[in-house]
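These protein sequence lines are chains A and B, in that order.
My numbering applies: residue 1 is where the first sequence begins, and numbers increase by one.
My numbering applies: residue 1001 is where the second sequence begins, and numbers increase by one.
Where is the CB? At the ideal position from N, CA and C, for every residue including glycine.
Just so you know, these numbers come straight off a predicted model, no measurement behind them.
What follows is a set of notes on a single structure, which appears directly below.
Protein chains: 2
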Amino acid sequence: MLASAHLRIFRLFDALNDATLGVVAARMHRIHYRPGEQIVHEGEQTGEIFFVEHGRVRLACTAIDGREQVLAMLRPGASFNLISAFDGQPNPATARAMSVVQCIVLPADTLRTLIRQHPELGLALLHDMAGQVRGLVVLVEDLAFRSVRERLARQLLQDADGGCAEATQQELAERTGTVREIAGRALRQLAQEGLVRLERGRVVVLDPAGLRAVIAEHA
Amino acid sequence: MLASAHLRIFRLFDALNDATLGVVAARMHRIHYRPGEQIVHEGEQTGEIFFVEHGRVRLACTAIDGREQVLAMLRPGASFNLISAFDGQPNPATARAMSVVQCIVLPADTLRTLIRQHPELGLALLHDMAGQVRGLVVLVEDLAFRSVRERLARQLLQDADGGCAEATQQELAERTGTVREIAGRALRQLAQEGLVRLERGRVVVLDPAGLRAVIAEHA
DNA sequence: AGTCGTCTGCGACTTTTGTCTCAGACCGAT
DNA sequence: ATCGGTCTGAGACAAAAGTCGCAGACGACT
């Protein structure tokens, strides 16, 4: 059984007291996913809201030819499927577990009634969703204005916790909106310039300042 | 003075009764803008929420080199600056009047207190914002997967109320995320194929079905 | 009617990105 | 140790997008 304490890692619920949260917890259940497993599929409509407890979840949309564009990488504490839950339309993106993932699931109508009782929760969600919009705007700017090289540099900086980004070139390509070969080329060039070192399944960032310069150079 | 009736065109306020709406109306004021005038600037933070009463408003973000990427074209009934209002961060986009525009402005904190009193309003806003997210995801898919030709075809279809799109090639280029020359080329090709006719400041759509075929051809 | 600014047409050229193809390297499992 | 799958390096080529430069056309305004 889920206890209210489990939900405290989600700032969204800060506005609710323990009693209320306990009632909510009773309506939720926990699901586990294996790496690579799809959690929600583009086009389907589940009517449920997911909260990431452990692991990494990738939100991406798929083209007809199979290419994928990553919209966001979610960490514990984040939620997804909100959009579909609030406008009732099919989900615009696919969510996939990129590691062992543990999620908590809440029916959308439970959340709606909860908002009616606790308007603060609605405000928190609006705050949350505003962040999502912001992230998408940044992505649009990236795709519209910047070269693969620049996008890659950004991605590496953002992705490199503790000096190295744990991702294959294929994965980096999808996150930056291009294909493996192009990402590989750009990475090799960055490596030649001494900014990164390439290893199998990871990229070690040697010179963060240099990468930041790459991003700015286009100006 | 603003009357509550003026606010009824915004579905957002459906949940409020006339008395409440009257109180809200007292807090709002109306502003007019000339074509081309900037309403909110990227990076600034106004703490106000705008509702479009009349005219067309363009939301766009600007690159360092001056190129613009249009995020959305707003019609009467739409709102903007919500994101900045709810997370307190600077506005990610510039809003510009593309015609004579009349807006109603509401302080963000008034809206917040209003949501606390009427949670339904929060739900309505969440619904609204979900639509915004959806629009951005579509834009990202467009930029990532489709060619200029295809994006242009989409834009023309979506834009052509009553058979013709009233926009310069420059404007169409910005909406489709490219430059004037490229958009011009693609348009001339579409014209040669008999799908559209080019005129000064407008594009007449001759064959909507043909345009839809253009969008699908890439598959 | 003339002038100015905006809008358009269009060609030559460069750069960037994407496609195709193959070979070698690495890793885990048998 | 060998095998198969995944990951990577790399080159040739094609296509798309962007840049530059310029000329003409149209409209608004004086």
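Pair every Cβ in the region 1025-1037 of chain B with every Cβ in the region 105-122 of chain A, then say whether three or more of these pairs are closer than 8 Å. These segments do not touch.
Euclidean distance between Cα positions of Asp1161/B and Leu1074/B: Each residue's alpha carbon lies about 14 Å from the other.
Who are Met1098/B's beta bridge partners in DSSP? DSSP lists no partner for Met1098/B.
Identity of the residue in Phe1086/B, Phe1051/B, Glu1042/B, Glu1053/B nearest Gly1066/B by Cα: The shortest Cα separation from Gly1066/B among Phe1086/B, Phe1051/B, Glu1042/B, Glu1053/B belongs to Glu1042/B.
At least one CB of chain A closer than 8 Å to the CB of Val1140/B: is that the case? It does: the Cβ of Val1140/B has a partner Cβ on chain A nearer than 8 Å.
What are the residues that DSSP puts in a beta bridge with Thr1062/B? In DSSP, Thr1062/B forms a bridge with Glu1068/B.
Determine, using beta carbons only, whether Cys1225/B comes closer than 8 Å to chain A. Any answer about residue 1225/B is impossible in this case: the structure gives chain B only from 1001 up to 1219.
Would you please state the rounded distance, in angstroms, between the beta carbons of Glu141/A and Gln1038/B? I believe it to be under 8 Å. Wrong, their Cβ atoms sit about 18 Å apart, outside the cutoff.
Got a sec: which bits of the region 1077-1099 of chain B sit with their beta carbon under 9 Å from any beta carbon on chain A, in order along the chain? Within the region 1077-1099 of chain B, the qualifying residues are Leu1082, Ile1083, Ser1084, Ala1085, Phe1086, Asp1087, Gly1088, Gln1089, Pro1092, Ala1093.
With three or more beta-carbon pairs closer than 8 Å as the criterion, would you say the region 95-105 of chain A touches the region 51-63 of chain A? With the cut-off at 8 Å, the region 95-105 of chain A and the region 51-63 of chain A touch.
State the beta-bridge partners of His1029/B as determined by DSSP. Partner(s): Val1105/B.
Please list, in chain order, the chain A residues whose beta carbon lies closer than 7 Å to that of Leu1071/B. Those are Val137, Val140, listed as they occur along chain A.
Bridge-paired residues (DSSP) for Met1073/B: Arg1058/B.
Selection of the region 121-133 of chain A by Cβ proximity to chain B, strictly under 7 Å: Under the 7 Å Cβ criterion, the region 121-133 of chain A contributes Gly122, Leu123, Leu125, Leu126, His127, Met129, Ala130, Gly131, Gln132, Val133.
The beta strand (DSSP E) with Glu1199/B in it runs from where to where? Run containing Glu1199/B: 1196-1199, per the beta strand (DSSP E) assignment.
Quick one: is Ile64/A buried, meaning 16 or more other Cβ sit within 10 Å of its Cβ, or exposed? Ile64/A is exposed by the Cβ-count criterion.
Could you tell me which residues DSSP pairs with Phe80/A in its beta bridges? Answer by DSSP bridge pairing, in chain order: Phe50/A.
State the start and end residues of the unbroken alpha helix (DSSP H) segment that holds Val138/A. Segment 119-145, the alpha helix (DSSP H) holding Val138/A.
Report yes or no: is there a C-beta of chain A within less than 8 Å of the C-beta of Ile1049/B? Chain A, which has no Cβ nearer than 8 Å to the Cβ of Ile1049/B, makes this no.
Residues of the region 1105-1117 of chain B with a CB closer than 9 Å to any CB of chain A: list them in chain order, please. Residues passing the 9 Å Cβ filter: Arg1112, Ile1115, Arg1116, Gln1117.
Grouping DSSP H, G and I as helix and E and B as strand, with all else coil, what is Ala213/A? Note: Ala213/A maps to helix in three-state DSSP.
For Ile182/A, report the span of its alpha helix (DSSP H) as first-last. In the DSSP assignment, Ile182/A falls within the unbroken alpha helix (DSSP H) covering 180-192.
Under the three-state DSSP convention, the category Ile1009/B falls into: Secondary structure at Ile1009/B: coil, using DSSP grouped into helix, strand and coil.
Contact criterion: CB-CB distance below 8 Å. Does Leu1143/B meet it with respect to chain A? Chain A contact via Cβ: present.
Would you list the residues sitting across from Ala1165/B in a DSSP beta bridge? DSSP, once it has assigned bridges, lists Val1203/B as partnering Ala1165/B.
Any 3 or more C-beta pairs closer than 8 Å across the region 1046-1055 of chain B and the region 1113-1123 of chain B: Too few Cβ pairs lie closer than 8 Å, so no.
Alpha carbon of Leu1126/B to alpha carbon of Asp14/A, nearest angstrom: Cα to Cα, the separation comes out at about 19 Å.
Which residues in the same chain have their Cβ closer than 6 Å to the Cβ of Ala1095/B, if we skip the five residues on either side of it in sequence? Here Ala1095/B has Ile1039, Val1040, Val1057, Leu1059, Phe1080 as same chain residues with Cβ atoms under 6 Å from its own Cβ, once five neighbours each way along the sequence are excluded.
How big is the Cα-Cα spacing for Ser1099/B and Gly1036/B? Straight through space, the alpha carbons of Gly1036/B and Ser1099/B are spaced by roughly 7 Å.
Provide the residue span of the alpha helix (DSSP H) that contains Gln155/A, from first to last. Its alpha helix (DSSP H) spans residues 148-159.
Can you list the residues of chain B that Arg67/A reaches, using a CB-CB cut of under 9 Å? Simply Ala1144, Phe1145.
If the criterion is Cβ atoms closer than 8 Å, does the pair Val203/A and Val196/A meet it? A contact, by the Cβ cut-off of 8 Å.
For Leu1187/B and Val1138/B, what's the separation of their Cα atoms in angstroms? Straight-line Cα distance between these residues: approximately 22 Å.
When you compare each of Val1179/B, Ala1165/B, Val1023/B to Glu1199/B by their alpha carbons, which one comes out closest? A check of alpha carbon separations from Glu1199/B across Val1179/B, Ala1165/B, Val1023/B identifies Ala1165/B as the nearest.
Which of helix, strand or coil does DSSP assign to Gln38/A? Assigned with DSSP and collapsed to three states, Gln38/A falls in strand.
DSSP state of Leu114/A, grouped into three classes? It is helical.
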